[in-house]
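Reviewing the structure listed below.
Number of protein chains: 2
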Amino acid sequence: VRTVAIYGVGLIGGSFALALRKAGYDGRIVGVSSPLTIARALELGVIDEGAPPMEAASQADLVFVAQPIRVIIETIRRIAPHVGSNAVVTDVGSTKAAIVAAASEHLPAGVFVGGHPMAGKEERGVEAACAELFQGRVWAFTPVQAGDMARTEFRQFLQWVERVGALPVVLDASEHDRTAALTSHLPQLASTALAAMLQDAFPGGPPTLHGPGLADMTRLARSSFDIWADIFDTNRQNVSAALEAWMAILRDLHAALAKGRETDIRSIFARAELFAASMRTRRTESQDNLFT
Amino acid sequence: VRTVAIYGVGLIGGSFALALRKAGYDGRIVGVSSPLTIARALELGVIDEGAPPMEAASQADLVFVAQPIRVIIETIRRIAPHVGSNAVVTDVGSTKAAIVAAASEHLPAGVFVGGHPMAGKEERGVEAACAELFQGRVWAFTPVQAGDMARTEFRQFLQWVERVGALPVVLDASEHDRTAALTSHLPQLASTALAAMLQDAFPGGPPTLHGPGLADMTRLARSSFDIWADIFDTNRQNVSAALEAWMAILRDLHAALAKGRETDIRSIFARAELFAASMRTRRTESQDNLFT
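Line by line, the protein sequences are chains E and L. Here the working numbering is used: the first residue of the first sequence is 1, the next is one more, and so on. Here the working numbering is used: the first residue of the second sequence is 1, the next is one more, and so on.
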């Protein structure tokens, strides 16, 4: 890899640039972003130069598209005629099926692999970029065809992913989206709905009297809808299905509470405890990964 | 206050004993608990002696009932004939209306004030007790009659509450329970229902692919139903109403998602962001309180 083009030099794109450098990458890093972001990214030493989209696409061995989902799809469509046949095109969108579909329509076979690094932080933008963002984090890859991952160019890219500290995982785009609906998009909706309901109940702000878990349960609700609009738009069916399955449990809980059917509630608590306990184990494991 | 009787020498009862000592209390601390707990509490230096329930009640200036809610109600009923008319009886139950009703039925007027320290940790039992548990924490008080708090004996007790670092707040028992349903009991159900649903979806444990907020959203789900059974049992109507109001927002979200009505979802996110942002401010404030 001699030239990397990063589309969208924000938190993720900027962090990947910094992480590559720290991992020993000594080729060129070209940024494609708004003039303001390019200026700031140059100032911060995150990229080597800025370039227009088509020019960057025609020069790059690795095209790294780190924009919002709908913009990723538009970028793929527009740069497709300019991408070299030995290049790797990848992205970081939070849903994968729509992006993989667009890529397989517009890009030559074998050039594209969808990506989703499970990394982030509260701040956004290139100012928040840091070389350690991917350290110990799972990075999901969704190839267009399962065999693609064996391609030499993909394997070189995967080596860089590992060098920046991430843990690559390969799965099908539709499986990714179904799982993410349950483990990421539904928790977001749960937190948002809870916080919205409490905002309605307490328009003057949170009451002094609240349990220790309320901060945990409303933290995700700080997320702006700007990020989530595209996610819901491109994963509507899975998110709807997850929400329905969850509301069925809430209705069970409500009926059991109303009728005082303690054994039914106890059974729901028991299943929940089991999952929550394995989440804790899992988190400990992934923290360990930070040091291996 | 020369003699404090602590009913239930667990995390809260034991911590109050340790906190009193650390704050300079030099009277007697009598524990009422199972023989095993009394032995351990003596070993750990948490209490000065153990005593049977009636004997402890007749000796104490301050009766501190730190048991599960249904046991608190039973203890109040049983010790009532033995409590001195100058004593203060208080409790730490997570719901207040049922306890205040039992106390006003059984105890002489002016003797009882309901209490709910907003403190806790994951571990339970006297082994987990620590003198700092109440530091910077809100401690809600729900008197039988508003005027009760002016009583000399209550004011002396309140001074100890402040000396152990807590921030006393006085409110009506029914207001307490309505608020707690929204800010504590509903978040618990939300976390439990989410974790139960994910346990059903992933019987083999959490998938590698999950958002950064899933640990936050399932942390409360570790709570055992043993603690929650009494809470739901004594706050059924408020918890049901809170759950219904919340499910109404979830149905709105579901309909808006299914129909792609982005402005409706955006409005729910905006209200949620507002609440979540004030939660953060509130938390910062209460952390500041730790140092004042």
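For every residue, glycine included, the Cβ atom is placed at its ideal position computed from N, Cα and C. If you're wondering where the values come from, they're calculated on a predicted model, not measured in any experiment.
**Study point:** Contact list for residue 243 of chain L against chain E, beta-carbon separation under 8 Å
**Key:** 250, 253, 254 and 257
Review point. What residues of chain L sit near residue 278 of chain E, judged by a beta carbon separation below 7 Å?
Key: 205 and 206
**Study point:** Burial state of residue 251 of chain E, where buried means 16 or more other Cβ atoms lie within 10 Å
**Key:** Exposed, by the Cβ-count rule.
Review point. Exposed or buried, which one is residue 152 of chain E when buried takes at least 16 other CB atoms within 10 Å?
Key: Exposed, since its Cβ has fewer than 16 Cβ neighbours within 10 Å.
**Study point:** C-alpha gap between residue 111 of chain E and residue 237 of chain L, whole angstroms
**Key:** 59 Å
**Study point:** Min CB distance residue 213 of chain L to chain E below 9 Å
**Key:** Closer than 9 Å: yes.
Point to revise | Secondary structure of residue 87 of chain E, DSSP reduced to three states | key: coil
Exercise for review: Just confirm the distance between the C-beta atoms of residue 19 of chain E and residue 131 of chain E, as a whole number of angstroms; I'd bet it's less than 8 Å.
Suggested key: 5 Å
**Study point:** residue 157 of chain L to residue 233 of chain L span [Cα, whole Å]
**Key:** The alpha-carbon atoms of residue 157 of chain L and residue 233 of chain L are separated by roughly 29 Å.
Practice item. Taking a Cβ distance cut-off of 9 Å, strictly less, list which residues of the segment 184-198 of chain L are near chain E, in chain order. Key: 184, 185, 186, 187, 188, 189, 190, 191, 192, 193, 194, 195, 196, 197 and 198
Check your understanding: Cα-Cα, which of E:54, E:12, E:17 and E:8 is closest to residue 36 of chain E?
Key -> E:8
**Study point:** DSSP bridge partner residues for residue 64 of chain L (one or two, in chain order)
**Key:** L:6 and L:90, per the DSSP bridge assignment.
Point to revise | Contacts that residue 120 of chain E makes with chain L (C-beta to C-beta distance below 7 Å) | key: 212
Point to revise | Validate contact between the segment 139-149 of chain L and the segment 107-121 of chain L using beta carbons, cut 8 Å, 3 pairs | key: yes
Review point. Since residue 163 of chain L is in the alpha helix (DSSP H), which residue starts that stretch and which ends it?
Key: 152-163
Check your understanding: So who's on the other strand from residue 28 of chain L, going by DSSP bridges?
Key -> L:3
Review point. Where do the ends of the alpha helix (DSSP H) carrying residue 128 of chain L lie?
Key: Note, residue 128 of chain L: premise wrong, no alpha helix (DSSP H); not H, not E.
Check your understanding: So, helix, strand or coil for residue 16 of chain L, using DSSP?
Key -> Assignment of residue 16 of chain L by DSSP, reduced to helix, strand and coil, places it in the helix class.
Practice item. Indicate whether at least one CB of chain L lies closer than 9 Å to the CB of residue 141 of chain E. Key: no
Practice item. Would you identify the three-state DSSP class for residue 142 of chain E, choosing helix, strand or coil? Key: It is a strand residue.
Practice item. Pair every Cβ in the segment 169-188 of chain L with every Cβ in the segment 192-210 of chain E, then say whether three or more of these pairs are closer than 8 Å. Key: yes
Point to revise | Meets three-Cβ-pair contact criterion under 8 Å: the segment 215-225 of chain L and the segment 200-208 of chain E | key: By the Cβ criterion, the segment 215-225 of chain L is not in contact with the segment 200-208 of chain E, since fewer than three pairs of Cβ atoms, one from each stretch, lie closer than 8 Å.
**Study point:** From E:104, E:95 and E:114, residue whose alpha carbon lies closest to that of residue 62 of chain E
**Key:** E:114
**Study point:** Any chain E beta carbon closer than 9 Å to residue 222 of chain L
**Key:** yes
Practice item. Just the C-alpha distance for residue 57 of chain L and residue 100 of chain L, rounded to the nearest angstrom, thanks. Key: 18 Å
Check your understanding: With a cut-off of 8 Å, do at least 3 Cβ pairs link the segment 166-175 of chain L to the segment 21-33 of chain L?
Key -> no
Practice item. Please report how far the alpha carbon of residue 85 of chain E lies from the alpha carbon of residue 258 of chain L, in whole angstroms. Key: So the alpha carbons of these two residues sit roughly 39 Å apart.
Review point. Going by other Cβ atoms of all chains shown within 10 Å of its Cβ, with 16 needed for buried, is residue 268 of chain L buried or exposed?
Key: buried
Point to revise | Beta-carbon neighbours of residue 176 of chain L, restricted to chain E and to distances below 9 Å | key: 209
**Study point:** Proximity winner among E:213, E:155 and E:180, relative to residue 210 of chain L (alpha-carbon distances)
**Key:** Closest in alpha carbon position to residue 210 of chain L, among E:213, E:155 and E:180, is E:180.
Point to revise | Cutoff 9 Å: residue 27 of chain L Cβ touching any chain E Cβ | key: Chain E, which has no Cβ nearer than 9 Å to the Cβ of residue 27 of chain L, makes this no.
Review point. Which residues in chain E sit within 9 Å of residue 169 of chain L, going by Cβ to Cβ distance?
Key: 208 and 209
Practice item. Consult DSSP for residue 210 of chain E and reduce its assignment to one of helix, strand or coil. Key: coil
Review point. In this structure, does DSSP put residue 294 of chain L in helix, strand or coil?
Key: No answer is possible for residue 294 of chain L: the residues shown for chain L start at 1 and end at 292.
**Study point:** C-alpha gap between residue 53 of chain L and residue 273 of chain E, whole angstroms
**Key:** 34 Å
Point to revise | residue 45 of chain E, DSSP secondary structure in three states | key: coil
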